[in-house]
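The sequence shown begins at -2 in our numbering and counts up by one. To start, the structure under review is shown below, and the notes come after it.
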Amino acid sequence: MCRSLPSNQILSIGLCRRATTPCQAQRAVPSSAPLPAGEVSVRFCFAATLVASLIAGVAACGGGPSSQPNPPPPVPPGPTPLPAQRTDVVTYKNDLARTGQNLTETVLTPANVSAAGFGLLRFLATDGKVDAQPLYLSGLTVQGATHNVVFVATENDSVYAFDADSGSTLWRASLLGSGETPSGPHGCDQVVPVIGITSTPVIDRAAGAHGALYAVAMSNAGGDHQRLHALDVATGAELFGGPREITAVYPAPGGGTRTFDPGQYEERAALLLSQGTIYTSWTSHCDSAPYTGWIIAYGQTTLAQTAVLNVAPNASGSGFASAGPAIWMSGGGPAADTSGNVYLLTGNGAFEPALDGNGFPSGGDYGNSFLKLATSGGALAVADYFTMYDEVGESAADLDLGSGGAMLLPDLTDSAGIARHLMVGAGKDGNLYVVNRDSMGRFSPGGDNVWQELTGVLGGGIWSTPAWFNGTLYYGPSGGSLLAFTAAAARFPGSASSRSSASFPYPGSAPAVSANGSANGIVWAHENASPAVLHAFDAGNLAHELYNSSQAANGRDHFGAGNKFITPMIADGKVFVGAQTGVAVFGLLR
-2 MCRSLPSNQI LSIGLCRRAT TPCQAQRAVP SSAPLPAGEV SVRFCFAATL VASLIAGVAA
58 CGGGPSSQPN PPPPVPPGPT PLPAQRTDVV TYKNDLARTG QNLTETVLTP ANVSAAGFGL
118 LRFLATDGKV DAQPLYLSGL TVQGATHNVV FVATENDSVY AFDADSGSTL WRASLLGSGE
178 TPSGPHGCDQ VVPVIGITST PVIDRAAGAH GALYAVAMSN AGGDHQRLHA LDVATGAELF
238 GGPREITAVY PAPGGGTRTF DPGQYEERAA LLLSQGTIYT SWTSHCDSAP YTGWIIAYGQ
298 TTLAQTAVLN VAPNASGSGF ASAGPAIWMS GGGPAADTSG NVYLLTGNGA FEPALDGNGF
358 PSGGDYGNSF LKLATSGGAL AVADYFTMYD EVGESAADLD LGSGGAMLLP DLTDSAGIAR
418 HLMVGAGKDG NLYVVNRDSM GRFSPGGDNV WQELTGVLGG GIWSTPAWFN GTLYYGPSGG
478 SLLAFTAAAA RFPGSASSRS SASFPYPGSA PAVSANGSAN GIVWAHENAS PAVLHAFDAG
538 NLAHELYNSS QAANGRDHFG AGNKFITPMI ADGKVFVGAQ TGVAVFGLLR
């Protein structure tokens, strides 16, 4: 079994590998053949199926973040490489804290990432736009052979399993029902031309016979559907009696109910899997009213609905301050701690400054808020929160807090020697908020009661998610440089510790980090341009750019037009970047 993490470490869902059996053979389909609606196909790399011996015993934990210690405090005594090991990336930004760091990267280093020896290896073509972050399993048995597998979800409602080393398609599954198509854009330009799988899926390597990938897919057949799917990672077949149609009702003021309308909402935020529960969270199409703030939870092995929470049951009207709030976080996922508490940011929307006796909004509406959710007696509820003092003004001006994502920091020791449990978040107003998860600050009309608030340090505002490495926080504001803020005594400086010379147009960048323990840190960032650009920076000094995909002559490393809300995924010496028509794969040139 995976070892238990101490309570002061970030929880990851990198799960123990276990022995797998060869999957049952399914009809092989040439990679160029169309896939009938609702049918799962499996495309294998080899002309003949290899019959492999069963893997004896239970393998050691995959080398994902769950098997690694937290990043050391600022100014570590020296870089500490870790032993070489494989990596699984099973959730958005690598772990449940959403830190974006892969600490088991032994191939890519600041010394070898340059245009001279690093570049585009191949492009994995898909049937639609890739908005979701790719996921990765190392050493997975597929039809009797062992592969490193990258999983890709598209807006055309397909999930692909590619061999990460050869680029061959292992299987492709359509999540469309018979006679269905992906949904249309609903008069909105946020996700075009179709809406299928927008949010990043999540994988549990221990679920089912081989492991399970969970995804939410939107489709249409005369009406819209939202469904939760669980797919066998080795075959693409549906598991646990899925898919599950997503429906929900919630008590409304005056004794009525709110009913979830699948056509009114989109699953933009990444899925969260925590302690056996899949959490989905929902946003609107271009703020088209009426919409409210839904979090809907399901059991991971039954797909049965386990909890529903609406964080704006009183929302009405169509203005930013009265509709919503939506939960979107620019594709970021809710975070979770070791106790199973869930953390997220909400967007513009209704909020009651009239508080109850415990300091909570009297009507249960939480616009522009940090939320801590807990399960009690089977019900999901707000356990604590922080809302800025000028929430009404921020909402009216469309300054969503929820345009950015939540990230949990590892324990940081303050000047009094006390370990603090903090989280960070930022939105369109350009302020960096640092919140104490043990006492979040709630609402005070006279000013914000938070651990730290750095006004305007994030320039043009945040439409992205941050990353963390070696005591340093990385943010990519819209229209500005990638910024680093190094913590000291559980606080951040009032200006960036380092910054990139490169500037990132809307929506900025959602950085990710690769490193070998505390050594060889590289910060990776995607630039939404035409052509799109992948950047690599020295994690210790962002002014030192190691590489970008525009440097090589003759467009050698170009991979098509950019896309918003893209975060690179790094595993086993390769960098995977979602694009308009597939996934670009970068690595060392041989």
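For each residue, glycine too, the CB sits at the ideal point set by N, CA and C. No experiment lies behind these values; they were computed from the predicted model shown.
Taking C-alpha atoms, which residue in Tyr288, Trp325, Ala376, Leu543 lies nearest to Gln187? Taking the sequence shown and counting its residues from 1, one reaches residue 187 at position 190. Looking at the Cα atoms, Trp325 is the closest of the given residues.
DSSP-derived helix/strand/coil call for Glu388: Within the sequence shown, the letter at position 391 stands for residue 388. Helix, per DSSP.
Is it true that the segment 498 to 505 meets the segment 109 to 124, where meeting means three or more beta-carbon pairs spaced less than 8 angstroms apart? no
Kindly indicate which three-state DSSP category Ala122 falls into: helix, strand or coil? On the sequence shown, position 125 is the one that residue 122 refers to. Looking at Ala122 - three-state DSSP - the assignment turns out to be strand.
Under 8 angstroms between the Cβ atoms of Val447 and Tyr472? Along the sequence shown, one-based indexing puts residue 447 at 450. Along the sequence shown, one-based indexing puts residue 472 at 475. Not in contact: Val447 and Tyr472 (Cβ atoms no closer than 8 angstroms).
Here's the rule: buried if 16 or more other CB atoms are within 10 angstroms of the residue's CB, otherwise exposed. What is Gly208? Position 211 of the sequence shown, counted from the first residue, corresponds to residue 208. When all chains shown are included, Gly208 counts as buried.
Which residue wins for smallest C-alpha separation from Ala112, given the options Leu306, Ser165, Leu531, Arg439? Taking the sequence shown and counting its residues from 1, the one referred to as residue 112 is at position 115. Looking at the Cα atoms, Leu531 is the closest of the given residues.
What are the boundary residues of the beta strand (DSSP E) that Trp279 is part of? Residue numbering aside, residue 279 sits at position 282 when the sequence shown is read from its first letter. Trp279 -> no beta strand (DSSP E), and no H or E assigned at all.
Could you pull out every residue in the same chain whose Cβ sits closer than 6 angstroms to the Cβ of Ser412, ignoring the five residues on either side in sequence? Working through the sequence shown from its first residue, we reach residue 412 at position 415. Around Ser412: Ala486.
Same chain, Cβ closer than 6 angstroms to Ala245, neighbours up to 5 away in sequence not counted: Translated into the one-based positions of the sequence shown, residue 245 becomes position 248. Excluding positions up to five away in sequence, the list reads Phe257, Ile293, Val305.
DSSP-derived helix/strand/coil call for Pro68: Taking the first residue of the sequence shown as 1, we reach residue 68 at position 71. Residue placement at Pro68 is poorly supported in this model, since its pLDDT is 44, which falls under 50; the coordinates still yield a value, given next. Coil at Pro68, not helix or strand.
Nearest-angstrom Cα separation, counted from Leu172 out to Leu451: Against the sequence shown, residue 451 aligns to sequence position 454. Against the sequence shown, residue 172 aligns to sequence position 175. Rounded to whole angstroms, Leu451 to Leu172 spans 44 angstroms at the Cα level.
Whole-angstrom Cβ separation of Gly97 and Ala509, contact assumed at under 8 angstroms? As a first step, residue 97 must be located in the sequence shown, where it is residue number 100. As a first step, residue 509 must be located in the sequence shown, where it is residue number 512. Gly97 to Ala509, Cβ: 4 angstroms. Contact.
Roughly how many angstroms separate the alpha carbons of Ser515 and Asn467, rounded to a whole number? Position 518 of the sequence shown holds residue 515. Position 470 of the sequence shown holds residue 467. Taking the straight line joining both Cα atoms gives about 6 angstroms.
Can you tell me whether DSSP reads Pro322 as helix, strand or coil? Taking the first residue of the sequence shown as 1, we reach residue 322 at position 325. It is a strand residue.
At least 3 beta-carbon pairs within less than 8 angstroms: the segment 93 to 107 vs the segment 568 to 581: yes
For Arg587, I'd like the list of residues in its chain whose CB is within less than 7 angstroms of its CB, leaving aside the five on either flank, ordered along the chain. Stepping through the sequence shown from its first residue, residue 587 is reached at position 590. For Arg587, where only same-chain residues beyond five positions count, there are no Cβ hits under 7 angstroms.
Should Glu264 go down as buried or exposed, given a rule of 16 or more other Cβ atoms within 10 Å for buried? Here residue 264 refers to the residue found at position 267 when the sequence shown is read from its first residue. Buried: at least 16 other Cβ atoms inside 10 Å.
What's the call for Asp92, buried or exposed, on a 16-neighbour Cβ count within 10 Å? By one-based count along the sequence shown, residue 92 stands at place 95. Buried is the call here.
Residue span of the beta strand (DSSP E) that contains Arg202, given as start and end: Counted from its first residue, the sequence shown places residue 202 at position 205. From DSSP, Arg202 is part of no beta strand (DSSP E); its letter is neither H nor E.
Go ahead and pull the three-state DSSP assignment for Ala533. The residue labelled residue 533 in the question sits at position 536 within the sequence shown. The answer is strand: DSSP assigns Ala533 an E or B state.
To which residues does DSSP link Thr197 through a beta bridge? Position 200 of the sequence shown, counted from the start, is the residue given in the question as residue 197. Per DSSP, none; premise fails for Thr197.
If you follow the beta strand (DSSP E) that Tyr211 is part of, which residue opens it and which one closes it? Mapped onto the sequence shown, residue 211 falls at position 214. Per DSSP, Tyr211 belongs to the beta strand (DSSP E) from 209 to 217.
Rounded to whole angstroms, what's the CA-CA distance from Val574 to Ala481? Just pull it up for me. Your numbering for residue 574 matches position 577 in the sequence shown. Your numbering for residue 481 matches position 484 in the sequence shown. Cα to Cα, the separation comes out at about 22 angstroms.
Beta strand (DSSP E) segment containing Met566, residue limits: In the sequence shown, counting from the first residue as 1, residue 566 sits at position 569. Met566 -> beta strand (DSSP E) spans 566 to 568.
Got a sec? Which residues, its chain only, sit under 7 angstroms from Pro442 by beta carbon, not counting five neighbours each side? Position 445 of the sequence shown holds residue 442. So the qualifying residues of the chain are Pro350, Tyr386.
Leu210 and Val156 look like a contact to me (Cβ under 8 angstroms); what is the Cβ gap, rounded to whole Å? As a working note, residue 210 is residue 213 in the sequence shown. As a working note, residue 156 is residue 159 in the sequence shown. Yes, they are in contact, since the Cβ atoms of Leu210 and Val156 sit about 7 angstroms apart, within 8 angstroms.
Suppose you measure from the CA of Asn545 to the CA of Phe148; what does that come to, to the nearest Å? One-based indexing of the sequence shown puts residue 545 at position 548. One-based indexing of the sequence shown puts residue 148 at position 151. Roughly 24 angstroms between the two C-alpha positions.
Look at the Cβ atom of Ala108, then the Cβ atom of Gly176, and state whether they are nearer than 8 angstroms. Translated into positions along the sequence shown, residue 108 becomes position 111. Translated into positions along the sequence shown, residue 176 becomes position 179. Cβ distance not < 8 angstroms, so Ala108 and Gly176 don't count as in contact.
In the DSSP output, what is Tyr288 paired with across the bridge? Position 291 of the sequence shown, counted from the start, is the residue given in the question as residue 288. For Tyr288, which the question treats as bridged, DSSP gives no partner whatsoever.
Which residues bound the beta strand (DSSP E) around Glu152? Here residue 152 refers to the residue found at position 155 when the sequence shown is read from its first residue. Where Glu152 is concerned, there is no enclosing beta strand (DSSP E), given that its DSSP letter is neither H nor E.
Could you tell me the alpha carbon to alpha carbon distance between Asp160 and Leu167, rounded to whole angstroms? Reading the sequence shown from its first residue, position 163 is the one you call residue 160. Reading the sequence shown from its first residue, position 170 is the one you call residue 167. Cα-Cα distance, rounded: 6 angstroms.
Under the DSSP definition of a beta bridge, which residues are partnered with His222? As a working mapping, residue 222 is identified with position 225 in the sequence shown. DSSP, once it has assigned bridges, lists Ser216 as partnering His222.
Looking at Leu134 and Val213, is the spacing between their C-beta atoms short of 8 angstroms? The count along the sequence shown starts at 1 and reaches residue 213 at position 216. The count along the sequence shown starts at 1 and reaches residue 134 at position 137. Cβ distance not < 8 angstroms, so Val213 and Leu134 don't count as in contact.
Buried or exposed by the 16-neighbour rule on C-beta atoms within 10 Å, applied to Thr197: Here residue 197 corresponds to residue number 200 of the sequence shown, with the count starting at 1. Burial call: buried.
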